[in-house]
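Below is one structure, written out as structure tokens, with a few remarks after it.
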Amino acid sequence: MTADTTRRLLSIDLLDDDEHAQLEQWGNQAVLSGPPPAPVSIPQLFAAQVARTPGAVAISCGGRSMTYRELDEAANRLAHLLAGYGAGPGCFVALMFSRSAEAIVAILAVLKTGAAYVPIDPALPAARVGFILDDVAPMVAVTTAELCARFEGRRVVVIDIDDPRIQTQPGTALPGPAPEDIAYLIYTSGTTGVPKAVAASHHNVTQLMASLDAGLRAPGLVKVSTQWHSYAFDASVREIWGALFHGGRLVVVPDEVAGSPGQLHALLVDERVDVLTQTPSAAAVLSPEGLESVSLVVGGETCPAELVERWAPGRVMINAYGPTETTVDVTISAPLTAARERRRSARQWRVRRCLCSTAGCGRCRRGGRRTVRVRPRRDIWLCGTGRADRVAVCGLPVRAWGMRMYRSGDLVRWRPDGQLEFLGRADEQVKIRGYRIELGEIQAALAALDGVEQAVVTAREDRPATSGWLAM
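Letter by letter, the sequence shown follows residues 1 to 472 in full-length UniProt numbering.
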């Protein structure tokens, strides 16, 4: 510093070589220079599993079950009908389903055509449904007879999942999509006042599953997993393919059960579920009693220490983290331990291992965006092939790594043990029951009301790790 008194302080590297090497290891930066994994599509991996275990049960829902062969053939028949309406690579198919076995058939069928599915939650208001349909202009929509009316007045072909024409179609597979084709388009809250779409490719999804295998699944162990999340929430992607790529049984939780902690608990016991994925707020109202064999994966919002104290003893509990823009997850924690988490505040959760398709680092918020030491509070930036292509506008060029990075908006710090500790947000985004909400979108909606000249929306925490918002 004293050798050149004109040098800007920001240009001085505060890390020595050993510290750089340690942070590069923790941040998984080797993935950026290593050979990319062989690309593969979702239907390819599913077909391989069908060939291995055709008679095994793939899906259970409401007393009904389907084997891998039955699921494959049902999806093939629907895929042929969709292809007849022009569904294929570069096209979009809207899906509106409650949690059901039929929804899984429809998702797989769309993927088999090469088109991308656009999940629309039936609980969304008509205006939001209309925006999505106008924005994406789907080639066709698939839904149930009860929900067909939601598409009235829209210029889109609507197919009832129980349409008798489906049963007349061939049960053989169509030519598969390319791994680079878009698999799904999910809409999230946007800062401009309207939702924004995030696309992920088949290769993004199959890479994610390969990464999770290394951290969550014992080799050769077939598990019973739940499908609890809305299909418009990207956590459903992990739930579905985490089971179906490995011969597991996917227990689809009906809507009426998903909203009742007591009924959900009974279902988990009756179905002998091994893997449960929940938001922390949902897990907080579910009793761990009688679920000693259940491994719990939480994500989507802050995980309080009190939840870890209730759930971690005697079972595997893992915290997963990742924005929708980076294909569901980018990091997972080591198994959480109650005694260790008790020393952390309720607003701090930890995530440990970067998945194989993503690299991350803590970087300064302003100026040179330099990699920082352990402890300082900084933004987290993400890059790698797990990052969905449609977020380039939120990234920046990184000449040293030769690719763009995505700024998540989350504030973190590296701990000396290599854990990333979450400290809050750098913007006005909040999470409510796992759903990402931009306060700017709420402000825009309020300001559009008659008689409202200005609107302000702020986040507040009613109790630890439970967010709400206040509008004025």
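Virtual Cβ for every residue (Gly too), placed ideally from N, Cα, C.
Sequence-distant residues of the same chain with beta carbon closer than 6 angstroms to residue i, five excluded per side
i	result
P39	P179 and H203
V269	G290
V456	M472
L108	A75
T226	V251, V253, V273 and L276
Three-state secondary structure assigned by DSSP to residue i
i	result
Q227	strand
R310	helix
L208	helix
D270	helix
A123	coil
C148	helix
Q167	helix
A75	helix
I161	coil
G322	coil
T113	helix
A448	coil
R8	coil
residue 493	With the chain covering only 1 through 472, there is no way to say anything about residue 493.
S408	strand
A471	strand
V316	coil
R155	coil
F92	strand
T458	strand
F245	coil
V275	strand
V237	helix
D417	coil
V330	coil
Residues of its chain near residue i, where Cβ-Cβ distance is below 7 angstroms and the 5 sequence neighbours each way are ignored
i	result
R272	V224
D18	none
A283	L296, V298, L307 and W311
A258	R99, W228 and L264
Span separating the alpha-carbon of residue i from that of residue j
i	j	result
P175	Y231	25 angstroms
V140	L111	14 angstroms
E152	G130	10 angstroms
I318	P335	5 angstroms
residue 508	R155	Any property of residue 508 remains undetermined from this structure, which presents the chain solely from 1 to 472.
L439	S100	32 angstroms
R352	I332	In this prediction, R352 scores a pLDDT of 49, lower than 50, which makes its location untrustworthy; the coordinate-derived value is nonetheless stated afterwards. Their backbone Cα atoms lie some 6 angstroms apart in a straight line.
L423	T458	18 angstroms
P43	T206	10 angstroms
V452	L446	7 angstroms
V316	V294	8 angstroms
F92	G84	14 angstroms
E421	T172	49 angstroms
Y184	A338	37 angstroms
Y68	T188	32 angstroms
D160	M66	20 angstroms
L441	D121	A small fix is needed here, since residue 441 is Glu in this sequence, not Leu. Cα to Cα, the separation comes out at about 18 angstroms.
P170	N76	7 angstroms
D4	C303	47 angstroms
Start-to-end residues for the beta strand (DSSP E) that takes in residue i
i	result
F97	It is not in any beta strand (DSSP E) - F97 carries neither H nor E in the DSSP assignment.
R64	R64 to T67
S201	K196 to S201
S295	S295 to V298
S60	V57 to C61
V452	It is not in any beta strand (DSSP E) - V452 carries neither H nor E in the DSSP assignment.
L185	I182 to T188
V140	V140 to T143
Start and end residues, alpha helix (DSSP H) containing residue i
i	result
P254	Neither: P254 is in no alpha helix (DSSP H) and is coded neither H nor E.
A232	Counting along the chain, A232 falls outside any alpha helix (DSSP H), and DSSP gives it neither H nor E.
Q44	I42 to R52
D283	In the sequence on display, residue 283 carries Ala and not Asp. Looking at the DSSP string, the run of the alpha helix (DSSP H) that includes A283 is P280 to A283.
Close beta carbons around residue i, own chain, < 8 angstroms, minus the five adjacent residues each side
i	result
A103	L95, F97, Y231 and V252
A116	C91, F92, V93, V110, D181, I182, A183, Y184, L185 and A199
L212	R238, G242, D329, I332 and L355
R64	A101
Any chance the region 292-305 sits against the region 272-282, with 3 or more Cβ pairs inside 8 angstroms? With a cut-off of 8 angstroms, the region 272-282 and the region 292-305 count as touching, because enough Cβ pairs lie within range.
Pairing CB atoms from the region 303-315 with CB atoms from the region 88-96, are three or more of them under 8 angstroms? no
The region 72-91 in contact with the region 157-175 per 3-pair CB rule at 8 angstroms: By the criterion of at least three beta-carbon pairs nearer than 8 angstroms, the region 72-91 is in contact with the region 157-175.
Pairs of beta-carbons, one from the region 243-250 and one from the region 51-59, closer than 8 angstroms: are there three or more? yes
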